[in-house]
Amino acid sequence: MSSCLNIEFGAAAGKPLPAKVKIVEVGPRDGLQNEQTIVPAEVKIRLIDMLSEAGLPVIEATSFVSPKWVPQMADQVEVMQGIHKKPGVNYPVLTPNLKGFQAAVKAGAQEVAIFGAASELFSKKNINCSVEESLQRFEEVTKAAKAQGVLVRGYVSCVLGCPYEGKVSPEKVAHVAKRLYAMGCYEISLGDTTGVGTPGGMSEMLEAVKQEVPVDALAVHCHDTYGQALANILVALQMGISVVDSSIAGLGGCPYAKGASGNVATEDVVYMLHGLGIQTGVDLHKLMDAGAFICQFLNRRTSSKVSQAACKL
Amino acid sequence: MGSIPSAVKHCLSYETLAQDYPWLARWLQEEKYGAICEFPKTVKIVEVGPRDGLQNEKEMVPTEVKIQLINMLSETGLPVIEATSFVSFKWVPQMADHVDVLKGITKSPHVKYPVLTPNLRGYQAAVEAGATEVAVFGSASETFSKKNINCSIKESMLRFKEVISSAKQAGIPVRGYVSCALGCPYEGHIEPAKVTEVAKMMYDLGCYEISLGDTIGVGTPKLMANMLQSVMKEIPTSALAVHCHDTHGQALANILIALQMGISVVDSSVAGLGGCPYAPGASGNVSTEDVVYMLHGLGIETGVNLSKVINAGEFICQALNRRTHSKVAQATVKS
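Note that the protein sequences, when read in sequence, are chains A and B. Heads up, the first sequence is in full-length UniProt numbering, so the first residue is 1 and it goes up one at a time. Heads up, the second sequence is in full-length UniProt numbering, so the first residue is 1 and it goes up one at a time.
Below you can see the structure in the form of structure tokens.
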């Protein structure tokens with residue numbers, strides 16, 4: 001009978017929630033990349049240092065893409081070399097191709113990330129090549145990374161829907177995730193890029209991906225564009241996922257829906273996880289301080305509801 | 001219960017088990033038939049924007065705007081719309097026009113329009129104004145009860161008893177609310193047993209449905225599950241609703257857990273109307289648009305037309321000159 005007692009959260013699978021969840025903080029890269037204001041390197045560095053002090057185990061520091069495409073990340077080398085790398089914390093950087101990878105390693109990167117898509121149209125519009133072509137590019141990166149002992153994290157975007165194609169089949173997501181895992185990515189982050197997903201779609205997609213990639217190697221990257229992120233994350237936890245991507249202060253709007261929100265706020269995720277009795281190693285107060293810092297600089301309100309509510313009774 | 005394996009049925013404590021773990025019957029069915037849909041097929045949404053929402057808005061909303069809002073909501077398919085509150089305008093000036101609102105709205109035959117009635121006097125005024133359903137507001141926290149309605153929980157129950165007695169005679173259904181179900185701004189943590197005690201009192205008095213409110217939105221899914229597990233031992237799941245505030249962004253996750261546990265009535269507020277009086281600048285009620293989006297995405301029927309709700313939300317936000325709290329509306333309405 002004991003397995004049914006685990007359904008205190010009502011999950012049909014009856015699996016208990018993970019005792020620990022690793023949070024991958026994507027604010028300094030995914031978040032800032034989508035902000036209009038160009039943030040000076042010293043502010044980015046200070047933000048990352050504050051996030052390191054908050055106890056986050058992984059902080060995506062910057063992106064080695066061409067500054068032509070992403071001007072916000074033009075100071076990639078300066079940021080990479082300027083941050084205080086806290087022992088025990090990983091600082092992955094995005095590397096879209098071999099050239100970016102080489103520049104990243106030269107600048108001191110010990111972990112990199114590559115970005116695939118589960119949608120052909122999105123792949124073409126976003127990185128100007130088909131899904132298959134992108135996977136071939138990535139294979140060059142993973143080969144080089146393996147040779148140099150550099151870890152590689154894989155992202156799959158549009159896992160619950162595509163702004164161009166609409167519905168995306170779970171099988172397609174599983175296929176791309178499997179390829180990335182097979183070529184050497186230690187972890188695959190499944191991204192609801194436009195935040196359209198709801199818990200039913202999330203569980204359907206995860207069921208398909210779990211057939212191909214071990215659940216311990218999976219992460220969810222939920223956008224909160226339609227307010228569904230925490231519910232989607234909860235379902236993912238119920239299905240055994242124990243790595244969650246989020247962005248301090250919910251940095252990063254949605255390029256596909258003007259005025260809408262994007263990334264889920266790290267503060268709100270941590271609040272939920274701690275409320276569930278799940279350990280994260282994160283100090284919520286220090287996290288909120290980091291959020292306040294960057295929002296003050298950007299001169300905009302935090303997207304985190306926990307931070308908004310912080311002026312309590 | 002017909003499909004329960006006979007071996008389990010004959011187990012002496014099966015009835016106790018079924019009572020302690022209300023999902024047991026569903027789990028056993030699942031074991032026999034494979035995974036079943038873990039969510040209810042339909043969810044009834046109780047729209048509280050015009051009352052709970054507007055009550056917490058600083059701006060005084062003109063009567064005709066309230067009426068138009070309710071009329072627009074009546075066209076969306078929402079089955080229940082809390083129209084107004086028959087409290088003294090001294091306490092809640094926003095609701096001073098309760099008679100005009102209740103008499104002014106175009107009542108759709110498919111919609112119920114409950115109104116809040118804190119005591120017998122309010123109830124009588126409500127009935128005179130044409131109310132056909134009322135609601136009473138209890139609290140799981142003594143301190144909140146005293147500060148909010150100026151009496152102890154016990155005293156409030158006596159007041160409600162009067163209302164419910166009269167309502168019963170007139171054939172008027174009464175909905176009960178229990179506030180601070182997941183935490184109190186004054187007392188902090190609230191024991192699930194206390195929530196159960198108050199909910200049961202109201203149910204036994206005659207409330208047909210009990211809405212359990214996370215008044216300051218501090219709850220997280222585990223707290224929700226623990227609280228519901230306790231309440232569901234005393235009150236049938238079909239008579240329970242959840243009223244989640246989104247002050248800490250937890251509302252949809254809390255609602256999801258509640259649905260997984262069999263709850264099929266959810267309160268929400270168009271455009272997330274109504275801030276949090278205990279955290280200035282914070283949000284309050286969960287947005288109806290965001291709830292409907294999630295429910296429809298889960299394949300759950302609500303009877304609600306999401307676009308029409310978004311339009312109603314747009315209307316009231318324009319009237320209030322403020323941005324919607326609904327993320328769905330933010331993402332779909334071109335700014």
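Beta carbons are placed, not taken as given, at the ideal position from N, Cα and C, and that holds for glycine.
Spatial neighbours of residue i within its chain, please: C-beta separation below 6 Å, excluding the five flanking residues on both sides.
| i | result |
| --- | --- |
| A109 of chain A | V93 |
| E38 of chain B | Q260 |
| F137 of chain B | Y177 |
| A140 of chain B | V178, C180, A181, I190, K194, V195, V198 |
Can you find the residues in the same chain that come closer than 8 Å, C-beta to C-beta, to residue i, ignoring five residues on each side of it along the sequence?
| i | result |
| --- | --- |
| S247 of chain A | E25, V26, G27, D30, G31, G262, N263, V264, A265, T266 |
| F315 of chain B | Q68, L69, M72 |
| K161 of chain B | L205 |
| E204 of chain A | P170 |
Classify residue i: buried if its beta carbon has 16 or more other beta carbons within 10 angstroms, exposed otherwise.
| i | result |
| --- | --- |
| H285 of chain A | exposed |
| K82 of chain B | One point to set straight first is that residue 82 of chain B is Glu, not Lys, in the sequence displayed. Buried: at least 16 other Cβ atoms inside 10 Å. |
| Q211 of chain A | exposed |
| H245 of chain B | buried |
| P118 of chain B | buried |
| L158 of chain B | exposed |
| C129 of chain A | exposed |
| Q169 of chain B | exposed |
| R301 of chain A | exposed |
| T42 of chain B | exposed |
| N148 of chain B | buried |
| I38 of chain A | exposed |
List, in order along the chain, the chain A residues whose C-beta lies closer than 9 Å to that of residue i?
| i | result |
| --- | --- |
| T247 of chain B | K305, V306, Q308, A309 |
| D290 of chain B | Y226, G227, Q228 |
| M227 of chain B | Simply none; closest approach about 12 Å. |
| A271 of chain B | Under the 9 Å cutoff, chain A gives no residues; its nearest Cβ is about 12 Å from A271 of chain B. |
Residue i by DSSP, collapsed to three states: which one?
| i | result |
| --- | --- |
| N97 of chain A | coil |
| Q279 of chain A | strand |
| N6 of chain A | Confidence at N6 of chain A is low in this model, with a pLDDT of 38, below 50, so the placement of that residue is unreliable and no value is reported for it. |
| L295 of chain B | helix |
| F89 of chain B | coil |
| Y181 of chain A | helix |
| K58 of chain B | coil |
| S247 of chain A | strand |
| V101 of chain B | helix |
| E187 of chain B | coil |
| Y113 of chain B | coil |
| Y177 of chain B | strand |
| E301 of chain B | strand |
| A96 of chain B | coil |
| T324 of chain B | coil |
| S166 of chain B | helix |
| E142 of chain B | helix |
Mind pulling the chain B residues with CB within less than 8 Å of residue i?
| i | result |
| --- | --- |
| D224 of chain A | K327 |
| Y271 of chain A | T220, H248, G249, Q250 |
So with CB distances below 8 Å, who are the chain A contacts of residue i?
| i | result |
| --- | --- |
| L54 of chain B | By Cβ distance, chain A contributes nothing, its closest Cβ being about 21 Å from L54 of chain B, past 8 Å. |
| C297 of chain B | At residue 297 of chain B the sequence reads Gly, which differs from the Cys that was named. By Cβ distance, chain A contributes G197, T198, P199, G200, G201, Q228. |
| residue 338 of chain B | Examination of residue 338 of chain B is not possible in this model, given that chain B is present from 1 through 335 alone. |
| C184 of chain B | Within 8 Å Cβ-Cβ: nothing; C184 of chain B doesn't reach chain A, min ~10 Å. |
| L256 of chain B | P199, A231, L234, V235 |
| M201 of chain B | Simply none; closest approach about 25 Å. |
| A253 of chain B | L230, A231, I233, L234, M272 |
Below 7 Å CB to CB, which residues in the same chain sit around residue i once its five sequence neighbours on both sides are set aside?
| i | result |
| --- | --- |
| A104 of chain A | F64, V93, T95, V112 |
| H325 of chain B | A271, G272, S283, S287 |
| H248 of chain B | G217, V218 |
| K107 of chain B | Y113 |
| M202 of chain A | L160, N232, V235, A236 |
| A19 of chain A | I278, Q279 |
| S281 of chain A | Position check: residue 281 of chain A holds Gly in this sequence, whereas Ser was assumed. If we look at G281 of chain A and ignore the five residues flanking it on each side, its Cβ neighbours are G55, P57. |
| D290 of chain B | L252, S326, K327, V328 |
In chain B, which residues lie less than 7 Å from residue i when you measure between Cβ atoms?
| i | result |
| --- | --- |
| G277 of chain A | K222 |
| A117 of chain A | Near A117 of chain A there are no residues of chain B at all, since even the closest Cβ is about 20 Å away, more than 7 Å. |
Kindly list, in the order they appear in chain A, the residues whose Cβ is closer than 7 Å to that of residue i.
| i | result |
| --- | --- |
| S230 of chain B | Within chain A, no residue comes near S230 of chain B; the closest Cβ sits about 12 Å away, beyond 7 Å. |
Could you tell me which chain B residues have their CB closer than 9 Å to the CB of residue i, listed as they occur along the chain?
| i | result |
| --- | --- |
| D268 of chain A | H248, G249, Q250 |
| L261 of chain A | The sequence shown places Ser at residue 261 of chain A, not Leu. The answer, in chain order, is K327, Q330, A331. |
Mind listing the chain D neighbours of residue i? Cutoff is C-beta to C-beta under 8 Å, in chain order.
| i | result |
| --- | --- |
| C276 of chain B | Within the model displayed, chain D is absent; protein chains A and B are what it includes. |
Return the chain-ordered ranges of every beta strand (DSSP E) run that is complete within the segment 193 to 278 of chain B and spans a minimum of 3 residues. Runs found: 209 to 214, 240 to 244, 265 to 268.
Quick one: complete alpha helix (DSSP H) runs, 4+ long, within the segment 11 to 89 of chain A? Listed in chain order, the complete alpha helix (DSSP H) runs (minimum 4 residues) inside the segment 11 to 89 of chain A are 41 to 53, 76 to 82.
Alpha helix (DSSP H) segments (min. 4 residues) lying fully within the segment 113 to 143 of chain A: Taken in chain order, the complete alpha helix (DSSP H) segments of 4 residues or longer contained in the segment 113 to 143 of chain A are 120 to 127.
What are the start and end residues of each continuous alpha helix (DSSP H) run of 4 or more residues lying completely inside the segment 148 to 224 of chain A, in chain order? Scanning the segment 148 to 224 of chain A from its first residue to its last, the whole alpha helix (DSSP H) runs of 4-plus residues come out as 170 to 182, 199 to 210.
Which complete alpha helix (DSSP H) runs does the segment 280 to 310 of chain A hold, if anything under 4 residues is left out? If we require 4 residues or more, the alpha helix (DSSP H) runs fully inside the segment 280 to 310 of chain A come out as 284 to 298, 305 to 308.
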